[in-house]
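Counting in this note's numbering, the final residue of the sequence shown is number 108, and the numbers go up one at a time with none missing. Virtual Cβ for every residue (Gly too), placed ideally from N, Cα, C. Remember, it's a predicted structure, so these values are computed and weren't measured experimentally. Contents: one structure, followed by commentary.
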Amino acid sequence: MSLTKDEVQHVAMLARLELSDKEVEKYTTQLNDILGYAQRLQALDTANVPPTAHVFPLQNVMRDDCVDPSMAREKILANAPDEEDGFFRVPKIV
Numbered sequence: 015m016s017l018t019k020d021e022v023q024h025v026a027m028l029a030r031l032e033l034s035d036k037e038v039e040k041y042t043t044q045l046n047d048i049l050g051y052a053q054r055l056q057a058l059d060t061a062n063v064p065p066t067a068h069v070f071p072l073q074n075v076m077r078d079d080c081v082d083p084s085m086a087r088e089k090i091l092a093n094a095p096d097e098e099d100g101f102f103r104v105p106k107i108v
């Protein structure tokens, strides 16, 4: 399977991309190379390969979610340019 320049231009139009003629030619070549490589992979015997989500066996390593004491509000607001009622005061943006 190979893509034509018209198909690349059509995909670019769907993606709202403006491509020059030089870019269309470049991307047509690159996409055809990718499709050719994918076609080569189709020839591999994967009957004895179990399906995986990752190449390496990964597990999420997360710490326990525990409550820790935070900084004192006065210390946090000490360098604030403006504060009101214990909160940062910022300019109104509309």
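Check: Bounding residues of the alpha helix (DSSP H) (the contiguous stretch that carries N46); Outcome: 35-56
Check: DSSP state of E21 mapped onto helix, strand, coil; Outcome: helix
Check: Range of the contiguous alpha helix (DSSP H) that encloses E32; Outcome: Neither: E32 is in no alpha helix (DSSP H) and is coded neither H nor E.
Check: Option nearest D99 by Cα separation, candidates D20, L91, T60; Outcome: L91
Check: Cutoff 8 Å: Q73 Cβ touching any chain C Cβ; Outcome: Of the protein chains in this structure there is only one, and it is not chain C.
Check: Proximity to A29 [Cα-Cα], best of K36, E21, P95; Outcome: E21
Check: Nearest to S16 (by Cα), restricted to the options M27, A26, Q53, D96; Outcome: Q53
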